[in-house]
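**Q** Following this message is one structure expressed as structure tokens.
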Amino acid sequence: MVEECDTCGRSVSAEEAIRRETFADLDTDRWQTLCCPNCGARLRTIFVGPDS
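Structural data, given as structure tokens:
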């Protein structure tokens, strides 16, 4: 997965992205937010927990 940051335009792979806890009521054991390592902007929220 490669995302382009809408804020700074950098292409960021999942390995490069900064992983942060989610906000609101999402379960942090199942979801993480990927952020740009260049500017810190949020790229996407991904599912990381078990399927069952």
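Residue 1 is where the sequence shown starts when you use full-length UniProt numbering, and the numbers rise one by one after that. Where is the CB? At the ideal position from N, CA and C, for every residue including glycine. Predicted model only: the values in this text are computed from it and were never measured.
1. Going by the CB atoms, is the gap between R30 and V12 shorter than 9 Å?
2. Buried or exposed: where does C5 fall if 16 or more other Cβ atoms within 10 Å of its Cβ makes it buried?
3. Would you call A17 buried or exposed, if buried means 16 or more other Cβ atoms sit within 10 Å of its Cβ?
4. Please report the straight-line C-alpha distance between Q32 and D25, rounded to a whole angstrom.
5. Using 9 Å as the threshold, is the C-beta distance between G3 and R44 below it?
**A** Short version:
1. no
2. buried
3. buried
4. 12 Å
5. Checking the sequence, you will find Glu at residue 3 rather than Gly. Cβ distance < 9 Å, so E3 and R44 count as in contact.
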